[in-house]
Amino acid sequence: AIYLLAASTLGVEPSRCVVVEDSAIGLAAAKGAGMKCIVTKSGYTADEDFLNADAVFDFIGDPPEERFDLAFCGSLLEKQYVS
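Counting in this note's numbering, the sequence shown runs without a single skipped number right up to 129 at its last residue.
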């Protein structure tokens, strides 16, 4: 519900949002809201199932992971999935 509230407050369609999460619960919330989700693992969640994530990084920090930038996030929004 918090992700849908954020999208509504910003006036953005959920399908145009990219969430950064670190847990399977957060991933499920983002996907349930119809948003793309990037997962960065933490020491507490490294063994969780992130198969539904649009991307998984072992570390996002300073300096940032080479592939993780605004262009990468934008590319996730352009992908179309057929089920």
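Yeah, the Cβ is synthetic: ideal placement off N, Cα and C, and Gly gets one too.
Cα-Cα separation, residue i to residue j
i           : j           : result
residue 119 : residue 103 : 13 Å
residue 78  : residue 93  : 21 Å
residue 64  : residue 70  : 16 Å
residue 96  : residue 85  : 7 Å
residue 124 : residue 89  : 31 Å
residue 91  : residue 66  : 14 Å
Contact set for residue i: own chain, Cβ-Cβ below 6 Å, skip 5 residues either direction
i          : result
residue 87 : 104
Residue i: first and last residue of the uninterrupted alpha helix (DSSP H) it sits in
i           : result
residue 119 : 116 to 124
Pick from the options that is closest to residue i, judged by C-alpha positions
i           : options              : result
residue 72  : 99, 122 and 115      : 99
residue 122 : 53, 62, 52 and 47    : 62
residue 80  : 116, 117, 115 and 53 : 53
residue 101 : 117, 76 and 83       : 83
Quick one: which unbroken alpha helix (DSSP H) runs of 4-plus residues sit fully inside the region 70 to 109? Chain order, please. 70 to 78
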